[in-house]
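Number of protein chains: 2
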Amino acid sequence: MISSKRVGVLGGGQLGRMMAEAAHRLQIPLHILDPAPQAPAKQLLAHTTHIDAPFTDPEAIRQLATHCDVLTVEIEHVDTAALEQVARRPDSVVEVQPTAGTIALIQDKLRQKEHLRARGVPVPDFVACADVEAVATAGNEFGYPLMLKARRMAYDGRGNAVVGTAEQCTSAYASLGSGDPSSVGGIYAERWAHYRKELAVMVVRSRDGRVVSYPVVETIQRRSVCHLVLAPAPVSAKVAEEARRVAEAAIATLDGAGIFGVELFLMEDDSVVVNEIAPRPHNSGHYTIEACQASQFENHLRAVVGLPLGGTAMSVPAAVMVNLLGSSGMADAAQTALAVPGATVHLYGKPDMKPGRKMGHITVVGTSLSRVFAAMAPILAHLDRAESNADSAAAETTAIREQLAAAPSISATQPGEPVVGIIMGSDSDLPVMRAAAQILEQFDVPFELTIVSAHRTPARLTEYARTAYDRGLRCIIAGAGGAAHLPGMVAAQTSLPVIGVPVKGSTLDGVDSLYSIVQMPRGIPVATVAINNSTNAGLLAVRMLGVRDDAQLALMDRYLADQEAQVMAKVERINLVGYKNY
Amino acid sequence: MISSKRVGVLGGGQLGRMMAEAAHRLQIPLHILDPAPQAPAKQLLAHTTHIDAPFTDPEAIRQLATHCDVLTVEIEHVDTAALEQVARRPDSVVEVQPTAGTIALIQDKLRQKEHLRARGVPVPDFVACADVEAVATAGNEFGYPLMLKARRMAYDGRGNAVVGTAEQCTSAYASLGSGDPSSVGGIYAERWAHYRKELAVMVVRSRDGRVVSYPVVETIQRRSVCHLVLAPAPVSAKVAEEARRVAEAAIATLDGAGIFGVELFLMEDDSVVVNEIAPRPHNSGHYTIEACQASQFENHLRAVVGLPLGGTAMSVPAAVMVNLLGSSGMADAAQTALAVPGATVHLYGKPDMKPGRKMGHITVVGTSLSRVFAAMAPILAHLDRAESNADSAAAETTAIREQLAAAPSISATQPGEPVVGIIMGSDSDLPVMRAAAQILEQFDVPFELTIVSAHRTPARLTEYARTAYDRGLRCIIAGAGGAAHLPGMVAAQTSLPVIGVPVKGSTLDGVDSLYSIVQMPRGIPVATVAINNSTNAGLLAVRMLGVRDDAQLALMDRYLADQEAQVMAKVERINLVGYKNY
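Those sequence lines, one after another, are chains A and B.
Residues in the first sequence are numbered from 1 upward in steps of one, following the UniProt record's numbering.
Residues in the second sequence are numbered from 1 upward in steps of one, following the UniProt record's numbering.
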């Protein structure tokens, strides 16, 4: 009714299964080609025609095409020649989305990289290696460790070999079948990427070539397989923007409609390079089911049948996804997740559990990455314990948790997300205003901090105040010294509550600033705090947000309790040691 | 793997279909009993055993039981005797959840009401009517209009008849088949409920009898069928709490596990009474799929198989659901929704569209009810246009929109429930503090005003501060002169934002009060305004409420614009008459 197009999917694994959920909601008939009669996707599709055959079987592909209007894939290792053929047949009415050519290009990682590099999309340095000598040459040029990669059939770390030293060139080359054309289709060498993080962006391309991206996520691998996905990625707004720009640029160079997973490296210098692309829904996009306006699966279907694309923004503040790979800890992890608020368990219905096989995943949504990750601790503990190196696995998890707890608000500095704006008349006020920022971080409140001078940048002040609400701000903290017109002038041009911090200058003890901030005319209120006390400005902002968010208020309750406890501890101590030795 | 229990469902409509989505994720095998071979639920369940027979067919129920561990329902009009039988069979290992007895009780609306009333759950006055004379008697007691209801097979307004006047008793009674036992199973009369709103609460009951509720929603009917659901309901915190209390109390009186839909009336006096109960997932709970931690469908399955219950809290600030009933506007509405960010379209895969048949629904999530409803305007326009009385339908929609825009979080500004507390150290401060009260009146913000002295009533101060939040306050304005300890002492004992007004005394010009209010130690912030300027305190309070309430913010925008206009008028005048005559 929404779309008359029947869709054929090559592959019926978990990606096809989650596609089927979306297909049912939009009443898009889905037909699956997969060797397994009980393939995960087929379990959800009772009244469509499936084919039990390999998705690499040309005849089966032709057969699927006979009762479909669009063919698409949930795995890239398909017979693109056969796809090309069905699409090209003169009498054919079947489309292939994305195009067979795009899938073929992506199948060959070397061609994929050449294609991107030629179009100015940043990729690591690489060179084809016809023989082992070429590997040594690459080693000399790129240095060691050197990454060797098979051109074809490489995924989840398979088809990759690390060359630690020049001596290992031969063994590494051999470990990849010496580039046997019939299997790996050749080998290429890549300069080792010294990356800070691995990021990923899901990009959906409509039939008219428009590309829209989802928020950037951080992916954390285990044994080269996706283990955790943090959404949004705990990176700066600048990095997040750059990652989406690069990912969109990469997909804009490809033909055909559908969703694409773009794996990225965030380098030491904050630059972003493309690692590789998947022409299909991607593990790093599973979080979109619970956390975004439209899931990657629904948007893939919308794109291939030519429906308007759904929103890609997150509908919740934060989400973390963990894969359930076949292991002894998996069942306990899933069971535990049932009791974790905000957790959704996805099991894929795979008949037999093999070690390392993707059996399901768990997505937990919540108000911040640090809170979500903390809530997941019991789930992750089961998975860590099942690892051969359980201790280092647990340590790794703890490290991530501490990292997120240490910088809780980083996740919130995504574009558009700050809810509090901290501004100061001059950078000389920063030492005083920093305390407000620290409080907001402590309470996981997303904020922005910048300089706006009432007297030196009046136009900027007006611009800042008038756009504050639309940019998502709900409260502004303004610090200024001397005549201190900033808070009042901002309050006069926005309806948001404005908190004023009088900054003590070299003369008059800050009383001048206090008076000019607090003694506002009737009609324009400024919530004034003590001279230099931007800590209280931050706390006041949190209390104001508490008007909207009970969770915030609860945190403030705890904060007050902690303060009381600290004083009581001092009482204890002074009783214990006496005032003389205190 | 998570649960070994196989579940049989009586009924395979949209509720069973959405149950199936949840079942797949948890790998719970679902078997459907429904006459339609292509029933919506069966379309998602390829590899389980379904029975194509009426869910009222005892033999079919027995057959279903043979390959299930638990039987449950997605519709209450089933053969409870047969359910009772399979559960009771000595050799039987099958459970029925909720129990056949509970389903039977609910099938008979009269028994349902008697059961609830007997257990102290508030319900409207009602009386059984054995004949038409009894109807007249009821009319005399309850007054007119009087509501006549069939005991059985009544839903979506069917089986109800309004008796406008004593003269209509006979016709109304006849319109319900004169209580023919074989069909409607008798008739009862109910006192007309003069309600302000219709509310609904989904309550899930675990096998150990624990009850957990979802947030209360407002339901808006059209032609007695659910049209819109607003989540959370735009009611005061107090009303919301009462609604959940009543709903939980009602379900606590029933046997068996599963989700229950509790329809409620919010009466003029803010009391809440139960209208009726559904022993299954409910239309008013569809929003939980996108908007809550665990959906009503997943929690129903978890409950009936005995898994831990999932979180019921909303994971997004607001959601609105609209039903797609068979109509000429339905397709356009669904198409339009595809382009609305935050909208999820659910089509039920029903073969043929009949007028009024539930074909699907659309849920839109967002940051506030007013924003979500505004975003839905183009969707609702298509549905309204398709109504026979298109104009009044559109007017109805506009009215809801304006109501939400005027007070998107009415919950914050419900008449009668103060959200701001104005306190002063002494009645001598009233002349100054009155201005704050006037501002709040001007902005329609409910407030309370009283005297609390830090030095003369310290205990009262503590009591006031510590209970402020629970009493519904979201912000406190404290005015004091002299040493002025009141604002700080209050701020130290609540997490709500506190605004301090220094009141000018007979000496020191109020500077003493200003200093003692503004110079708070780190940790306890007080939003200080100018000496004697309680006008700005009121305006600041409104801005703070604006953090949660877009309408409040809009009003403040207008206020600032008015101020500007007033000054500009004076500019005009001084230009016109010249400064000499001004």
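Yeah, the Cβ is synthetic: ideal placement off N, Cα and C, and Gly gets one too.
What are the boundary residues of the beta strand (DSSP E) that includes residue i?
i, result
"B:C226", "225 to 231"
"A:G16", "A:G16 -> not in any beta strand (DSSP E); alpha helix (DSSP H) instead, spanning 14 to 26."
"A:Q296", "First-last for A:Q296: 296 to 305, but that is the alpha helix (DSSP H), not the beta strand (DSSP E)."
"B:P502", "498 to 503"
"B:L266", "258 to 267"
"B:T72", "70 to 73"
"A:L347", "343 to 347"
Would you grab the beta carbon distance between residue i and residue j for me? Rounded to a whole angstrom, and I think it's under 8 Å.
i, j, result
"B:Y348", "B:R17", "6 Å"
"B:M489", "A:M544", "Not a contact, Cβ separation roughly 20 Å."
"B:Y287", "B:V217", "7 Å"
"B:L45", "B:I61", "Actually they are not in contact, since the Cβ atoms of B:L45 and B:I61 sit about 18 Å apart, beyond 8 Å."
"B:V94", "B:A87", "6 Å"
"B:G258", "B:T56", "Not quite, the Cβ-Cβ distance comes to about 19 Å (not below 8 Å), so this is no contact."
"B:G342", "A:S315", "6 Å"
"A:D255", "A:P98", "7 Å"
"A:V225", "A:G356", "7 Å"
List the endpoints of the continuous alpha helix (DSSP H) containing residue i.
i, result
"B:L486", "486 to 491"
"B:C169", "169 to 175"
"B:H382", "369 to 385"
"A:V246", "237 to 252"
"A:E463", "458 to 467"
"A:F142", "132 to 142"
"A:V511", "511 to 518"
"A:V542", "534 to 546"
Just tell me which of the options has its CA closest to the CA of residue i.
i, options, result
"B:S534", "B:V498, B:A437, B:L473, B:V490", "B:A437"
"A:A193", "A:A491, A:N532, A:P29, A:F142", "A:F142"
"A:D131", "A:K109, A:G186, A:E248, A:K5", "A:G186"
"B:N532", "A:V340, A:V216, A:A394, A:P521", "A:P521"
"B:R474", "B:D562, B:I499, B:G209", "B:I499"
"B:I517", "A:I524, A:N536, A:D509, A:G505", "A:N536"
"B:D429", "B:R207, B:V511, B:A478, B:V322", "B:A478"
"B:A491", "B:A405, B:G11, B:R466, B:A243", "B:R466"
"B:G13", "B:L539, B:Q519, B:Q27, B:H31", "B:H31"
"A:I51", "A:A41, A:Q38, A:D34, A:T66", "A:D34"
"B:S178", "B:V135, B:A374, B:L199", "B:V135"
"A:V529", "B:G311, B:R151, B:V501", "B:V501"
"A:H77", "A:P58, A:D91, A:C292", "A:P58"
Output, in chain order, the set of chain A residues within a Cβ distance shorter than 8 Å of residue i.
i, result
"B:R25", "T344, V345, H346, L347"
"B:L553", "Y469, S495, L496"
"B:Q97", "None at all; the shortest Cβ gap to chain A is about 18 Å."
For residue i, return the contacting residues in chain A, with the cut-off set at a CB-CB distance below 7 Å.
i, result
"B:V365", "S315"
"B:Q335", "I2"
"B:E21", "E21"
"B:Q442", "Ordered by position in chain A, no residue passes the 7 Å Cβ test against B:Q442, which lies about 12 Å from the chain."
"B:G311", "P341, G342"
Please compile the residues from chain B whose C-beta is within a distance smaller than 9 Å of the C-beta of residue i.
i, result
"residue 588 of chain A", "Past the edges of chain A, shown from 1 to 582, lies residue 588 of chain A, and the structure says nothing about it."
"A:M544", "C475, P497, A527, R543, M544, V547"
"A:P308", "Q335, L338, A339"
List the residues of chain E whose Cβ lies closer than 9 Å to the Cβ of residue i, in chain order.
i, result
"B:R522", "The displayed structure is made up of protein chains A and B, and chain E is not among them."
Interface residues of chain B around residue i at Cβ under 7 Å?
i, result
"A:V420", "By Cβ distance, chain B contributes nothing, its closest Cβ being about 10 Å from A:V420, past 7 Å."
"A:Q519", "A530"
Of all the residues that make up the stretch 383 to 401 of chain A, which are near chain B by a beta-carbon distance shorter than 8 Å?
-> none
Listed in chain order, which residues of the stretch 40 to 65 of chain A have Cβ atoms closer than 8 Å to some Cβ of chain B? K42, Q43, L44, L45, A46, H47
Original post:
Taking Cβ-Cβ distances below 8 Å as the criterion, which residues of the stretch 464 to 482 of chain A are in contact with chain B?
Top reply: Y469, R474, C475
> Any residues in the stretch 557 to 569 of chain B with a beta carbon nearer than 7 Å to a beta carbon of chain A? Which ones, in chain order?
Replying inline: D557, L560, Q563
Next on the checklist: Please list, in chain order, the residues of the stretch 220 to 240 of chain A that have any C-beta partner in chain B closer than 7 Å.
Outcome noted: none
**Asked** Relative to chain B, which residues along the stretch 279 to 299 of chain A have a C-beta separation below 7 Å, given in chain order?
**Response** Q293
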